[in-house]
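The structure is reproduced here in structure tokens:
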């Protein structure tokens, strides 16, 4: 296994930049998720690491080797594709043996490695079958087997679970995670599903528009999103964002809405708000940090219930606040009706403030 | 047939009407062939009788023996034509496939400047009727000194067959997921190996379909062969069997026997290779 370093990696098609100056380091044995909406450049980034497409700029090192100009076959990597890409004319055995044959290993060694990999993934009974005779989950295992049979330095996975049904996906998610722990494998994993990224990875790289937005542990990305995009992309339901205006009122800083209400900020939050490039400040809050009241309490802001979604343990609701939608959660016993007026109290210690112009998080 | 009619909604009446129509259609296509076969078994006298004999009273294989007897003059010529046709068609097919496979793959996989233009330029040739090119190609062949050679026919058939072959094969390559090659390249194959070991085998049905198409086109072609070849020993079958027409009389049974023998290679090709047409090889390669 090995460390992977991307340095100022660029891929452009004429004026269109699919990947724009992305730099990140994947430590040896780390599980890194590349996550973002479709078209954000995550798959392109993975293909650049694999060498399947040529780079427009920058460099990639795997271990101590600069692989920027190497063919995929010389990079000592393995890849699992979204559609599995099993060779349809070959049996499972031959699918697993192919990477070893290409490396001209002796027959006995190939046989041993194939059988070991099959045993690890519990697909020994499928070895003589053709891919089309397998279920989706079995195909997925074979694809994984073909990747691990060669003991590569890095595993690249491109949305490997997105073709599975929901139940199987959860099961394979934990299997891949255990696979990572048992092998100590370095894995770069592309997904559009932020939940997959949060649950599986040691670090997540959030991408948007070809740029790397934030690269940190899931906990840090969740707690300290660097900008409004990351804030709204990570977490379910998404963080709510309310555009407001900051104003000084005596010694205090308040956020005001066009409707005329004011929300006083704590000292720390006040100083953050004043550091914005203009007086436009966006208030961000996750549902777990917002208290819902039926009557006005000091510091709470008025809103109107839009939808109510009971899930059993907890009831989610969407509340209109100053033209924005705010996701909140209440206990099932807390009865909310659509169109009911409510008051939302944002936790001063856990609220997020963003610069209304740059969309960056305001920090002290 | 039955599965189609069963699948269709609609009443019994329509179902039967459909069947009757299909039987009629079948008769319409089979009749001429049946008549060809029947006539080929008749003597010259029996073939000319009126009302016609629906079944020869004295069926004979003499017409076939005559054609296949290398010691007789008719047999000698016929076998010569047959060999010429086979040679021209096989060489045309091999060349067409050899060029079309890489060309179609390139059109399918690579983005290069002028790609769309080139692809349609390739097809442009097939938008004109063959006669349009007859005189220009004849002049060209004369300049090249290829008149009365099989080379002139092979080149000409390629100009027809290649565009079609490229077009057909491109469709096949388009349907083979690019991830298969990518997987192969990551598994240690070079680009060429990925193509040769993974993609080529998957496109076998396409290559075979293309070959049959190209072979039949060359095998049946008449007008260019008639124009470019004047020497008897060079002629291909479609032109050669005209010798059964003469000024005074037409040897109908002989002509029909020759025609029947000429259709055999095509029929055999279809029977042997038809399973490749229906084999859905990429099924199971990827999840759709």
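Chains as they are written, first to last, in this note's numbering: chain A, 1 to 364; chain B, 365 to 652. Note that the Cβ used here is the ideal one computed from N, Cα and C, for glycine as well. Note that the structure is predicted; figures quoted are calculated from it, not measured.
Cα atoms of residue 541 of chain B and residue 214 of chain A: separation of roughly 33 angstroms, rounded to the nearest angstrom. Residues of the stretch 447-476 of chain B whose Cβ lies closer than 7 angstroms to any Cβ of chain A: none.
Interface residue (Cβ-Cβ distance to chain A less than 7 angstroms): residue 565 of chain B is classified as such.
Residue environment analysis places residue 159 of chain A among the buried positions, since at least 16 neighbouring C-beta atoms fall within 10 angstroms of its C-beta.
Under the three-state reduction of DSSP output, residue 385 of chain B falls in the helix class.
Of all alpha-carbon atoms in A:54, A:198 and A:31, the one lying nearest the alpha-carbon of residue 220 of chain A is that of A:198. Contact of residue 639 of chain B with chain A is not assigned, every C-beta pair being separated by 7 angstroms or more. A check of alpha carbon separations from residue 630 of chain B across B:577, B:588 and B:609 identifies B:577 as the nearest. Three or more beta-carbon pairs separated by less than 8 angstroms are not found between the stretch 57-76 of chain A and the stretch 524-540 of chain B, which leaves the two stretches without contact.
Residue 173 of chain A sits in a helix when the DSSP states are folded into three classes.
Contacts with chain A (Cβ-Cβ distance below 7 angstroms) from the stretch 540-571 of chain B involve 541, 543, 544, 546, 547, 549, 550, 551, 552, 553, 554, 562, 565 and 566, listed in chain order. Scanning the stretch 237-321 of chain A from its first residue to its last, the whole alpha helix (DSSP H) runs of 4-plus residues come out as 267-274. Residues of chain B with a Cβ closer than 9 angstroms to the Cβ of residue 77 of chain A are, in chain order, 550.
Only 50 and 52 from the stretch 36-54 of chain A bring a Cβ to less than 7 angstroms from some Cβ of chain B.
Annotation: the stretch 39-87 of chain A contains the following complete segments of the alpha helix (DSSP H) (minimum length 4 residues), in chain order: 42-50. DSSP places residue 11 of chain A outside any alpha helix (DSSP H); the residue lies instead in the beta strand (DSSP E), whose first and last residues are 4-13. By the criterion of at least three beta-carbon pairs nearer than 8 angstroms, the stretch 521-535 of chain B is not in contact with the stretch 55-69 of chain A.
Taking residue 591 of chain B as the centre and dropping the five residues before and after it, the same chain places the C-beta of 498 and 502 closer than 7 angstroms to its C-beta, in chain order.
With respect to chain B, the C-beta atom of residue 72 of chain A has a partner C-beta closer than 7 angstroms.
A:321 is the residue among A:321, A:23 and A:82 whose C-alpha sits nearest the C-alpha of residue 285 of chain A. Using a CB distance cut-off of 7 angstroms, residue 13 of chain A does not count as an interface residue toward chain B. Residue 341 of chain A is bridged by DSSP to A:304.
Within chain B, the residues whose beta carbon sits less than 7 angstroms from that of residue 87 of chain A are 544 and 562, listed in sequence order. Of all residues in the stretch 92-103 of chain A, only 98, 99, 100, 101, 102 and 103 come within less than 9 angstroms of chain B when Cβ atoms are compared, listed by chain position.
The alpha-carbon separation between residue 256 of chain A and residue 37 of chain A amounts to approximately 32 angstroms. By the neighbour-count criterion, in which 16 or more other beta carbons inside 10 Å mark a residue as buried, residue 64 of chain A falls on the exposed side.
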